[in-house]
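Q: Protein sequences appear in the order of chains A and B. This note's numbering puts the first sequence at residues 195 to 547. This note's numbering puts the second sequence at residues 195 to 547.
Protein chains: 2
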Amino acid sequence: MPTTPIGKRATIFDVASAAGVSRQTVSNALNAPERVKPATLERVRSEIDRLGYRPSSAARGMRSQRAGAIGVELNADGFSDVGPLVLTQLALHAPSHDVHLVPFVQPDGPVVDGYSDMSRRNLVDAYIFADTHVGDPRPGWLTARAIPFATFGRIYSHPELTCWADVDGHAGVGLAVEHLGAQGYGTVGYLGWPLNDRAEGVAEDRHRGWVDATAARGVTGPEICVHQDLDAAVAGAHDLLAQLAPGDAVACASDLLALGVLYAASHRGLRVGPDLGLVGFDGSAIAQRHQITSIAQPFEALAQTLLRLVHDQLSGRSPATSGQLLTPSLAPAASTDRESQLTAYTPIPVTGN
Amino acid sequence: MPTTPIGKRATIFDVASAAGVSRQTVSNALNAPERVKPATLERVRSEIDRLGYRPSSAARGMRSQRAGAIGVELNADGFSDVGPLVLTQLALHAPSHDVHLVPFVQPDGPVVDGYSDMSRRNLVDAYIFADTHVGDPRPGWLTARAIPFATFGRIYSHPELTCWADVDGHAGVGLAVEHLGAQGYGTVGYLGWPLNDRAEGVAEDRHRGWVDATAARGVTGPEICVHQDLDAAVAGAHDLLAQLAPGDAVACASDLLALGVLYAASHRGLRVGPDLGLVGFDGSAIAQRHQITSIAQPFEALAQTLLRLVHDQLSGRSPATSGQLLTPSLAPAASTDRESQLTAYTPIPVTGN
DNA sequence: CTGAAAGCGCTTACAG
DNA sequence: CTGAAAGCGCTTACAG
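1) What residues from chain B crowd round histidine 294 (chain A), counting only those whose CB sits closer than 7 Å?
2) Grab me the residues of glycine 395 (chain B)'s own chain with a C-beta within less than 7 Å of its C-beta, minus the 5 sequence neighbours each way, in chain order.
3) Give me the residue from A:Arg511, A:Val306, A:Gly474, A:Arg314 with the minimum Cα distance to aspartate 243 (chain B).
4) Please state the DSSP three-state secondary structure of threonine 205 (chain A).
5) The beta strand (DSSP E) with leucine 139 (chain A) in it runs from where to where?
6) Can you check which of these residues, B:Gln491, B:Gly430, B:Phe493, is closest to cysteine 419 (chain B) by C-alpha distance?
7) For valine 299 (chain B), decide whether its Cβ has a neighbour in chain A, counting only Cβ atoms nearer than 9 Å.
8) Looking at asparagine 316 (chain A) and alanine 261 (chain A), is the spacing between their C-beta atoms short of 9 Å?
9) Along the region 232-257 of chain A, where does the CB come closer than 9 Å to a CB of chain B? Name the residues.
10) Could you tell me whether any Cβ in chain A is nearer than 9 Å to the Cβ of leucine 496 (chain B)?
11) In the DSSP assignment, find the unbroken alpha helix (DSSP H) run with glycine 430 (chain B) in it and report its ends.
12) Name the chain B residues that come within less than 7 Å of arginine 314 (chain A), Cβ to Cβ?
13) From histidine 221 (chain B) to threonine 205 (chain B), what distance separates their C-alpha atoms?
14) Kindly give me the distance between the Cβ atoms of glycine 441 (chain B) and tyrosine 384 (chain B), rounded to whole angstroms, as I take these residues to be in contact under 8 Å.
15) Which runs of the beta strand (DSSP E) at least 3 residues long sit entirely within the region 247-289 of chain B? Give them in chain order.
16) Starting from the beta carbon of aspartate 311 (chain B), find every residue of chain A whose beta carbon is closer than 9 Å, and list them in chain order.
17) So, at 8 Å on beta carbons, what are the nonlocal neighbours of serine 512 (chain B) in its own chain, with the 5 sequence-adjacent residues on each side left out?
18) To the nearest angstrom, how far is the alpha carbon of valine 371 (chain A) from that of proline 333 (chain A)?
19) Can you check DSSP and say which residues form a bridge with alanine 445 (chain A)?
20) Please state if the CB of valine 444 (chain B) and the CB of glycine 453 (chain B) are separated by a distance shorter than 9 Å.
21) Can you give me, in chain order, the residues of the region 472-497 of chain A that have a beta carbon less than 7 Å from any beta carbon in chain B?
22) Kindly indicate the opening and closing residues of the alpha helix (DSSP H) around serine 221 (chain A).
23) Glycine 430 (chain A) CB to nearest chain B CB: under 9 Å?
24) If we define contact as Cβ-Cβ less than 9 Å, is threonine 282 (chain B) a contact residue for chain A?
25) So the candidates are A:Trp387, A:Arg465, A:Gly403, A:Ala439; which of them puts its Cα closest to the Cα of alanine 427 (chain A)?
26) Would you kindly work out how many angstroms separate the C-alpha atoms of proline 297 (chain A) and glutamate 267 (chain A), rounded to a whole number?
27) Tell me where the alpha helix (DSSP H) around valine 230 (chain A) begins and ends.
28) Anything in chain A within Cβ reach of alanine 261 (chain B), meaning under 8 Å, just list it in chain order.
29) Which first and last residues belong to the alpha helix (DSSP H) in which glutamine 507 (chain A) is found?
30) With distances taken from CA atoms, which of A:Asp302, A:Leu224, A:Gln259, A:Ser250 is nearest serine 240 (chain A)?
31) Could you check the C-alpha separation between alanine 458 (chain B) and alanine 376 (chain B) for me, to the nearest Å?
32) Identify the contact partners of alanine 226 (chain A) in chain B, using a Cβ-Cβ distance below 7 Å as the criterion.
33) Determine the direct distance from the alpha carbon of leucine 424 (chain B) to that of alanine 586 (chain B), and round the result to whole angstroms.
34) Using a threshold of 8 Å, is the CB atom of histidine 294 (chain A) nearer than that to any non-hydrogen atom of the ligand ATP?
35) Give a yes or no on whether the minimum CB-CB distance between proline 526 (chain B) and chain A is below 9 Å.
36) Under 9 Å between C-beta atoms, does asparagine 222 (chain A) make it to chain B?
Right, dumping it as structure tokens:
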């Protein structure tokens with residue numbers, strides 16, 4: 195296979211001869227600048243800039259036995275998991291940790307094949323992945339081989355592991371309840387997910403946030419749990435709204451569930467904002483599109499934390515003593531504020547039931 | 195920085211001595227199997243399997259002067275561009291082209307910095323990116339340096355370049371119109387984007403699909419163009435529906451616009467399906483969630499085509515003589531079929547006028 | 001069909 | 001503070 199020419203790169207040798215020093219001094223200027231006399235350093239650096247020199251990734255990796263890369267597993271269906279937003283933030287911040295990302299997909303669910311292959315080729319030094327669950331083979335396999343990794347979401351298969359970062363759903367829903375209280379709404383009901391659902395931990399985490407926050411207010415409210423589906427959300431919201439009065443509010447486990455509340459409320463002649471408080475969760479496109487106040491996931495902090503977790507392990511630094519819980523923030527939508535003047539309502543069909 | 199031990203990998207030397215051959219023979223078995231005697235090949239391969247040997251990515255890259263990687267630029271906002279779905283498909287099919295992906299983000303829009311840096315480090319051999327536009331510096335910069343690349347979307351800055359793959363919006367909207375005709379709907383109107391919009395080419399492509407398909411039917415219809423925004427879509431849909439009668443239909447440039455039609459229709463007491471035909475475009479989560487028939491983008495074919503385009507260039511093969519137009523497919527939603535029995539309607543508020 | 005030599009471009013010891 | 005030597009693990013010529 196002939197290689198397409200891509201212009202001659204400058205090598206460390208070119209920089210060394212241009213600066214009148216040896217190759218090692220250039221290497222030191224890059225990797226241990228404190229060992230180089232300031233005047234020499236300055237000269238070397240200016241030659242580096244002039245020639246546009248960058249160390250060859252392959253040569254550096256080969257000598258140092260580090261790929262300088264983090265494998266990131268994507269979900270085969272292209273949704274959820276280490277979602278697009280986290281991946282974007284990871285890609286944005288990877289350079290500051292001196293690594294690049296290598297995304298990969300395993301068509302047959304959470305197995306270990308892809309990890310085994312990439313590690314054998316020394317393609318990556320560590321991994322980031324999401325959606326761990328009881329029975330997940332990945333944390334155990336990696337741990338047994340002392341391969342560094344960090345996960346988005348608690349590691350339910352190995353509660354003793356601390357190399358995870360997660361959204362503090364408890365605090366997030368707490369924020370939602372407080373916000374609704376501060377806006378003057380009365381009882382705050384909850385539309386959430388079944389507690390024994392697939393994403394068991396997440397459902398419970400967010401639910402307890404509502405339990406504790408409403409308990410703190412001294413006023414609890416009705417709750418309904420439904421699966422992550424629009425029709426189910428609408429039906430659940432009707433049940434919930436039947437137990438609430440105008441001036442009350444609903445906190446939701448997700449923006450999709452909040453959209454269901456929006457539909458059901460409208461069907462019942464309730465205006466979200468003036469008549470009913472509503473806060474979703476995730477800060478997703480749904481919330482933005484329908485102007486629903488939401489609890490925004492801290493994607494940037496999540497990405498930075500995950501990168502730091504693997505970076506620390508790669509540096510042999512002592513691991514964190516506990517998982518990292520990151521607090522989401524309130525993303526208010528002006529038009530669903532209590533004071534907003536909603537005037538236009540458009541009826542809309544929802545199929546099913 | 196001490197390195198965390200990750201278990202001793204087998205090297206080409208281990209395989210060679212285990213199989214009783216020299217290192218080059220192992221290399222040949224991997225890279226030019228036809229040059230190795232079948233019996234020897236078999237013996238080498240069985241040792242490779244037994245030892246779990248994989249060539250070191252860094253060593254191979256250094257010697258062959260190929261990174262074996264494709265840089266993929268992601269949009270800084272995490273949406274659109276080479277979307278999550280294309281990226282997933284790229285990651286899924288990259289191994290069959292013997293490459294891995296390196297996603298990267300440029301915080302300051304479509305510049306050339308990231309490309310320059312990655313190429314200087316020999317981190318990737320080629321690039322894939324999206325959203326080219328008039329004045330885009332990337333195609334010219336890469337072409338001048340003979341760095342291979344392929345784009346998702348036509349290259350408006352360099353019409354002579356053929357290294358692109360795109361969705362055939364013309365054919366897609368044509369499919370939509372034909373489907374609506376086959377279902378027995380009458381006039382087919384169009385809710386699209388302004389033709390001089392940012393995504394100029396896409397808007398025009400899809401619009402002409404409607405023009406040509408309705409002309410072929412011998413019955414044209416009303417058209418309205420609005421920006422990609424739910425409120426604007428609802429307003430535009432009202433204008434459009436005012437010019438249509440029950441039994442007519444609407445084809446849309448996107449699923450979000452189709453959602454606007456769904457809302458406006460419901461507001462006017464029209465049931466999508468029995469009273470009004472509706473087809474969106476993109477096969478997005480919106481269409482699935484609201485059970486809107488849509489034109490699904492061919493993400494897998496797109497990814498495979500993009501990989502093939504860069505692979506051909508890297509192999510020095512003759513480039514394609516024209517861009518690759520991929521035909522999307524109809525993704526019918528049973529509940530909005532003409533014959534469906536829609537019974538449940540839920541009114542829903544849309545904020546803004 | 002198989003093997004001995006050279007070298008890809010760095011960094012890591014170590015010696016001055 | 002700076003430099004000469006060695007070697008990371010492969011593949012690419014080339015010689016047998």
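The beta carbon of each residue, even a glycine, is placed where N, CA and C say it ideally should be.
A: In this structure, then:
1) For this step, residue 294 (chain A) is matched to residue 100 along the first sequence. Here the neighbours are Val296, Leu317.
2) Working through the second sequence from its first residue, we reach residue 395 (chain B) at position 201. A distance below 7 Å between beta-carbons, with the five flanking residues on each side excluded, links glycine 395 (chain B) to the following residues of its chain, in chain order: Arg348, Tyr350.
3) Translated into the one-based positions of the second sequence, residue 243 (chain B) becomes position 49. The shortest Cα separation from aspartate 243 (chain B) among A:Arg511, A:Val306, A:Gly474, A:Arg314 belongs to A:Arg314.
4) Within the first sequence, the letter at position 11 stands for residue 205 (chain A). Reduced to three states, the DSSP call for threonine 205 (chain A) is coil.
5) Residue 139 (chain A) cannot be examined here, being either before or after the span of chain A that is shown, 195 to 547.
6) Stepping through the second sequence from its first residue, residue 419 (chain B) is reached at position 225. When C-alpha distances from cysteine 419 (chain B) are compared across B:Gln491, B:Gly430, B:Phe493, the shortest belongs to B:Gly430.
7) Taking the second sequence and counting its residues from 1, the one referred to as residue 299 (chain B) is at position 105. Contacts with chain A at 9 Å (Cβ-Cβ) include valine 299 (chain B).
8) Counted from its first residue, the first sequence places residue 261 (chain A) at position 67. Counted from its first residue, the first sequence places residue 316 (chain A) at position 122. Yes, these two residues count as a Cβ contact at 9 Å.
9) Close to chain B, meaning a Cβ-Cβ distance shorter than 9 Å, are the following residues of the region 232-257 of chain A: Gly246, Tyr247, Arg248, Pro249, Ser250, Ser251, Ala252, Ala253, Arg254, Gly255, Met256, Arg257.
10) Start at 1 with the first residue of the second sequence, and residue 496 (chain B) comes out as number 302. Judged by the 9 Å Cβ criterion, leucine 496 (chain B) is not in contact with chain A.
11) Here the question's residue 430 (chain B) lines up with position 236 in the second sequence. Where glycine 430 (chain B) is concerned, the enclosing alpha helix (DSSP H) stretches over 424-435.
12) Within the first sequence, numbered from 1, the residue matching residue 314 (chain A) stands at position 120. The contacting residues are Arg203, Gly246, Arg248.
13) Working through the second sequence from its first residue, we reach residue 221 (chain B) at position 27. Working through the second sequence from its first residue, we reach residue 205 (chain B) at position 11. Per the sequence shown, the amino acid found at residue 221 (chain B) is serine instead of histidine. Using only the alpha carbons, I get a separation of about 11 Å.
14) As a first step, residue 441 (chain B) is located in the second sequence; it is residue number 247 there, counting from the start. As a first step, residue 384 (chain B) is located in the second sequence; it is residue number 190 there, counting from the start. Going by Cβ atoms, the distance from glycine 441 (chain B) to tyrosine 384 (chain B) rounds to 17 Å, so no, they are not a contact pair.
15) Scanning the region 247-289 of chain B for uninterrupted beta strand (DSSP E) segments of 3 residues or longer gives 263-268, listed from N- to C-terminal end.
16) Position 117 of the second sequence, counted from the start, is the residue given in the question as residue 311 (chain B). Correct list: Arg248, Pro289.
17) Against the second sequence, residue 512 (chain B) aligns to sequence position 318. Here the set comprises Asp506.
18) As a first step, residue 371 (chain A) is located in the first sequence; it is residue number 177 there, counting from the start. As a first step, residue 333 (chain A) is located in the first sequence; it is residue number 139 there, counting from the start. One alpha carbon belongs to valine 371 (chain A), the other to proline 333 (chain A), and they sit about 35 Å apart.
19) Within the first sequence, residue 445 (chain A) is the residue found at index 251, counting from 1. For alanine 445 (chain A), which the question treats as bridged, DSSP gives the partners A:Tyr384, A:Val473.
20) Taking the first residue of the second sequence as position 1, residue 453 (chain B) is located at position 259. Taking the first residue of the second sequence as position 1, residue 444 (chain B) is located at position 250. According to the sequence shown, residue 453 (chain B) is leucine rather than glycine. Result no, Cβ atoms of leucine 453 (chain B) and valine 444 (chain B) do not sit closer than 9 Å.
21) Within the region 472-497 of chain A, the residues whose Cβ lies closer than 7 Å to some Cβ of chain B are Arg483, Gln485, listed in chain order.
22) In the first sequence, residue 221 (chain A) corresponds to position 27, counting from 1. According to the DSSP assignment, serine 221 (chain A) belongs to the alpha helix (DSSP H) that extends over 217-225.
23) Position 236 of the first sequence holds residue 430 (chain A). False, the Cβ-Cβ gap to chain B never drops below 9 Å.
24) On the second sequence, residue 282 (chain B) is found 88 positions in, with the first residue counted as 1. Put simply, the CB of threonine 282 (chain B) is near chain A, with a gap under 9 Å to one of its CB atoms.
25) Position 233 of the first sequence holds residue 427 (chain A). Ranking A:Trp387, A:Arg465, A:Gly403, A:Ala439 by CA distance to the CA of alanine 427 (chain A) puts A:Trp387 first.
26) If you number the first sequence from 1, residue 297 (chain A) lands on position 103. If you number the first sequence from 1, residue 267 (chain A) lands on position 73. Between the alpha carbons of proline 297 (chain A) and glutamate 267 (chain A) lies a distance of about 6 Å.
27) Sequence index remark: in the first sequence, residue 230 (chain A) carries index 36 (1-based). Careful: valine 230 (chain A) lies outside any alpha helix (DSSP H) and carries neither H nor E.
28) Numbered from its first residue, the second sequence carries residue 261 (chain B) at position 67. Correct list: Ser251, Ala252.
29) What you label residue 507 (chain A) is simply residue 313 of the first sequence in a count that begins at 1. Per DSSP, glutamine 507 (chain A) belongs to the alpha helix (DSSP H) from 493-508.
30) Here residue 240 (chain A) refers to the residue found at position 46 of the first sequence. When only C-alpha atoms are compared, the closest one is A:Leu224.
31) Taking the first residue of the second sequence as 1, we reach residue 458 (chain B) at position 264. Taking the first residue of the second sequence as 1, we reach residue 376 (chain B) at position 182. Computed Cα separation, rounded: 24 Å.
32) Within the first sequence, residue 226 (chain A) is the residue found at index 32, counting from 1. Within 7 Å Cβ-Cβ: nothing; alanine 226 (chain A) doesn't reach chain B, min ~11 Å.
33) Residue 586 (chain B) lies beyond the stretch modelled for chain B, which goes from 195 to 547, so this question has no answer here.
34) The ligand ATP is not part of this structure, which contains no ligands at all.
35) As a first step, residue 526 (chain B) is located in the second sequence; it is residue number 332 there, counting from the start. Among the residues facing chain A, proline 526 (chain B) is not included, as its CB has no counterpart in that chain under 9 Å away.
36) Translated into the one-based positions of the first sequence, residue 222 (chain A) becomes position 28. It does not; no Cβ of chain B falls within 9 Å.
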